[in-house]
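Engineer: My questions will all concern the structure given below.
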């Protein structure tokens, strides 16, 4: 991750990722519960922007796939696809939170 900078730069990026996941995952589910595909797409597009820091190819591919679906899928299809992705994003959020707890920003 040389392109990000020093360790504090990485931790700062992880802090932003954690905050985004904490804020946006409930909003994404709420959008899907209301059949708001446009709102879900907006949030998924933002999450897709974080994929370079996910460091898990399978998760990156899954986020990209579900975000692409959100551009044309019916709400029920998108909800089903997201139901498989959501636990992975929650696991990522938890892992990032644990890492930040162990490595506080200086």
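In the working numbering, the protein residues as written are 528 to 633. Every residue gets a Cβ at the ideal spot worked out from N, C-alpha and C, and that includes glycine.
Between which two residues does the alpha helix (DSSP H) containing residue 570 stretch?
Structural biologist: 564-575
Engineer: Identify the continuous alpha helix (DSSP H) that holds residue 539 and give its terminal residues.
Structural biologist: 534-560
Engineer: Could you round the C-beta distance between residue 555 and residue 571 to whole angstroms and report it? I think they count as a contact, below 8 Å.
Structural biologist: 7 Å
Engineer: Considering only residues of the same chain and omitting the five flanking positions on each side of residue 598, which have a CB-CB separation below 8 Å?
Structural biologist: Closer than 8 Å at the Cβ level, and outside the excluded window around residue 598, lie 568.
Engineer: In the structure shown, what three-state DSSP assignment does residue 597 receive?
Structural biologist: Here residue 597 sits in coil by DSSP.
Engineer: Quick check on residue 635: buried or exposed, where buried means 16 or more other Cβ atoms within 10 Å of its Cβ?
Structural biologist: Lying outside 528 to 633, the shown extent of the chain, residue 635 is not represented and no answer is given.
Engineer: Spatial neighbours of residue 549 within its chain, please: CB distance less than 7 Å, with the 5 preceding and 5 following residues excluded, ordered by chain position.
Structural biologist: 620
Engineer: Which residues bound the alpha helix (DSSP H) around residue 626?
Structural biologist: 602-629
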